[in-house]
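Numbering (my numbering), first residue to last: 985 to 1328. As structure tokens, the structure follows; a few thoughts come after it.
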Amino acid sequence: MNFVKENFFGFLLVSSLVLFSVILNKYLSNNNILISAAFICILLGLLVGNLFPSNTKIETFINFSLKKLLRIGIALLGLSLSLTELYNYGSISLFLIVINIIIAFVIIKYLCQFFKVSNNLGYLIIMGTCICGVTAVIATSSIIKSDKNETSYAVGIVTLFGMIAVFTYPYLANYYFDLTPDLAGAFLGTAIHDTAQVSAAGVIYSEIYNSPEALNSAMTTKLLRNSFLIILIPLIAYLYNKDNDMNVKKSVKDFFPLFVFGFIFFSFLRTIGDGLITDTSLINHWKNSLIFAKEISIYCILFAMVALGLQTNLKNMVKLGVKPLLIGLAASTSVGIVSVVYLI
């Protein structure tokens, strides 16, 4: 009962914006205007969140949408592809992910020295750009003991350039990979920072270009990137030599995105179901169940997209210093360019 009371107004606001986005998207689609519900959700969230003052009555559900509903939605996407498809999508981008990590590391380290920006901020930008956005920044900050300003800067940079990518990269992906949706998805999954941002871009591409394969590829690639967190967190702890093994293990346990395992589990379930269900009537029920799960997944992501927009403060973006912004721009651009060149 307390959960309902705490989340009622937030649910009312977010669900209203999602519903309006879906209706507007259908109207625009009928008039041949290529835009998606996820795109509209983020825009409406940004508009409402920055025009009206924050309210504690809605913040609880906003956090719930970003932390819970998004993860449920991503995990359920695992039902959209078999383990074979999961392997195929992952094999496309594994080496590219490693290349991006190395290149971004070198570029950011050099620019931090050139602009005389702290190593702590550099590592935060590296992790946020190359691994899993805000989650990686928070996880890394607990290891290197960065101050609040450095952490806020890194979160702001990841959010800013990630949001720009959400609005532009789906169209860029179609320009370069219009006939190969798996490569378009791999590009989105490697070039965009945060998991929420990748899911938004994947849904936008999927809806505009009628390509669910791109969404599956994008999320598989992104979750593969996320898994590198468990390798790089101890590595950064070792490089800094400030924390002991207990703290490292705690950080990995606390911040490793466990919904990755949910995604793999549902993919395994899809593979088993496709292999064992042979009766015609059962096959139809199975397919309908998969369609229903996909719809739930998409709506969970749409709720998270509205919440993402509501939580993004544009005024804070303006306050970021020029030097960290240039470093973030260089990191984001280099990752995007390398991804395009590699996949072409």
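By construction, the Cβ of each residue, glycine as well, lies at the ideal position given by its N, Cα and C atoms.
Taking 8 Å as the cut-off, the beta carbon of serine 1075 is found no closer than this to the beta carbon of alanine 1170. Boundaries of the alpha helix (DSSP H) harbouring phenylalanine 987: 986-1014, taken from the DSSP string.
In chain order, Ile1109, Gly1112, Thr1113, Gly1117, Val1118, Val1121, His1177, Asp1178 and Gly1312 place their CB closer than 8 Å to the CB of valine 1142, counting only its own chain and leaving out the 5 sequence neighbours on each side. Here isoleucine 1321 is exposed: its Cβ has fewer than 16 other Cβ atoms, across all protein chains shown, within 10 Å. Measuring C-alpha to C-alpha distances from glutamate 1197 to each of Leu1163, Leu1213, Phe1212 and Ile1220 identifies Leu1163 as the nearest. For valine 1187, the uninterrupted alpha helix (DSSP H) segment begins and ends at 1179-1192. Rounded to the nearest angstrom, the Cβ distance from leucine 1028 to glycine 1293 is 7 Å, consistent with a contact under 8 Å. In this structure the segment 1189-1206 lies against the segment 1055-1065, because at least three pairs of beta carbons, one per stretch, are closer than 8 Å. Between cysteine 1284 and the set Ser1013, Val988, Val1032 and Phe1048, the nearest pair of CA atoms involves Phe1048. The beta carbon of threonine 1135 sits closer than 6 Å to the beta carbons of Ser1125 from its chain, once the five residues preceding and following it are set aside; these are given in chain order.
With respect to the 8 Å criterion, valine 1244 and leucine 1286 are not classified as neighbours on the basis of their beta carbons. For isoleucine 1019, the closest alpha carbon among the candidates Ile1192, Ile1214 and Asn1133 is that of Ile1192.
Residue environment analysis places threonine 1205 among the buried positions, since at least 16 neighbouring C-beta atoms fall within 10 angstroms of its C-beta. Closest option to isoleucine 1056, judged by alpha-carbon separation, among Ala1175, Glu1279 and Thr1262: Glu1279. Here the C-alpha atom of alanine 1022 lies approximately 27 Å from the C-alpha atom of phenylalanine 1252. Isoleucine 1086 and tyrosine 1107 have their C-alpha atoms roughly 12 Å apart. With respect to the C-alpha of serine 1183, the residue from Tyr1153, Tyr1160, Phe1212 and Phe1161 having the closest C-alpha is Tyr1153. At a Cβ-Cβ threshold of 8 Å, leucine 1054 and serine 1281 do not count as neighbours. Taking 8 Å as the cut-off, the Cβ atoms of valine 998 and alanine 1180 do not count as close.
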